[in-house]
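Numbering of the sequence shown is given in the working numbering, commencing with residue 386 and proceeding in unit increments. The structure appears below as structure tokens.
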Amino acid sequence: SPTCFLLGSGRAALTVILLGLRRLSGRTRVIIPAYSCPTMVQSVLRAGLEPVLCDVSVGTLDLDRNMLESLIAGEVLAIVPAHLYGLAQDERDLLELGRQRGIWIVEDAAQAFGATLAGRMVGTWGDAGLYSLGRSKCIPAGHGGVIVAQEAMAGPIEGALTETLGPRAVQDSRA
Numbered sequence: 386s387p388t389c390f391l392l393g394s395g396r397a398a399l400t401v402i403l404l405g406l407r408r409l410s411g412r413t414r415v416i417i418p419a420y421s422c423p424t425m426v427q428s429v430l431r432a433g434l435e436p437v438l439c440d441v442s443v444g445t446l447d448l449d450r451n452m453l454e455s456l457i458a459g460e461v462l463a464i465v466p467a468h469l470y471g472l473a474q475d476e477r478d479l480l481e482l483g484r485q486r487g488i489w490i491v492e493d494a495a496q497a498f499g500a501t502l503a504g505r506m507v508g509t510w511g512d513a514g515l516y517s518l519g520r521s522k523c524i525p526a527g528h529g530g531v532i533v534a535q536e537a538m539a540g541p542i543e544g545a546l547t548e549t550l551g552p553r554a555v556q557d558s559r560a
């Protein structure tokens, strides 16, 4: 079952997820949508990784699959699709691609809390997902971020939290 962690922002949530992934692999590239929140780039850089921008489809705002295919190389650590403006993107093909090529899928559902795909909330399909509780989000609590981590990701995320914030932070962040 998934594990949840509570953080100070969606940006911090993505950064911690990527720091956790970095602990699992020597790969350094993270594919993100070229049209999205600028904090995605900041999170990738803060985790010491290389952001790779992928065009989005004009009709859906989802990652352009043709361009995505051309960007995938051996050093891709993760793909971070975004569910913008509450639009649930169908990322099931990315999950299969990730399994085949050893690439982690991290869903940015910062703007889509409550949106569903096939009866399941977006942000829970990938290896990890994140939500934001900041201004202008679906649940605007002022600030805050939520990580939903599948079993394989919970340990690396705990390790990243412990390394950056100390052991007490892990206790305090687990929901």
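By construction, the Cβ of each residue, glycine as well, lies at the ideal position given by its N, Cα and C atoms.
Check whether GLY530 and LEU434 have beta carbons under 7 Å apart: Taking C-beta atoms as the reference points, GLY530 and LEU434 fail to come closer than 7 Å.
Supposed contact pair VAL429 and MET441 - C-beta distance, whole angstroms, cut 8 Å: Before going further, note that residue 441 is Val rather than Met in the sequence given. 17 Å between Cβ atoms; not a contact.
Buried or exposed by the 16-neighbour rule on C-beta atoms within 10 Å, applied to GLU543: Looking at its Cβ environment, which holds 16 or more other Cβ atoms inside 10 Å, GLU543 is buried.
Whole-angstrom distance between ALA503 and ASP475, CA atom to CA atom: ASP475 and ALA503 have their C-alpha atoms roughly 9 Å apart.
Per DSSP, the bridge partner or partners of ASP493: DSSP, once it has assigned bridges, lists ALA467, LEU515 as partnering ASP493.
Under the three-state DSSP convention, the category VAL426 falls into: Note: VAL426 maps to helix in three-state DSSP.
Three-state secondary structure (DSSP) of GLU568: Past the boundaries of the shown model lies residue 568; the chain is included only from 386 to 560, so the question cannot be answered.
Any C-beta of chain D under 7 Å from that of THR547: The displayed structure is made up of one protein chain only, and chain D is not part of it.
Contacting residues, own chain, Cβ-Cβ under 6 Å from LEU399 (five flanking each side not counted): Cβ-Cβ distances below 6 Å link LEU399 to SER428, LEU515 in the same chain, with the five nearest sequence neighbours on each side left out; the list follows chain order.
LYS522, DSSP secondary structure in three states: The pLDDT assigned to LYS522 is 47, lower than 50, so where the model puts this residue is not dependable, and the model offers no usable value.
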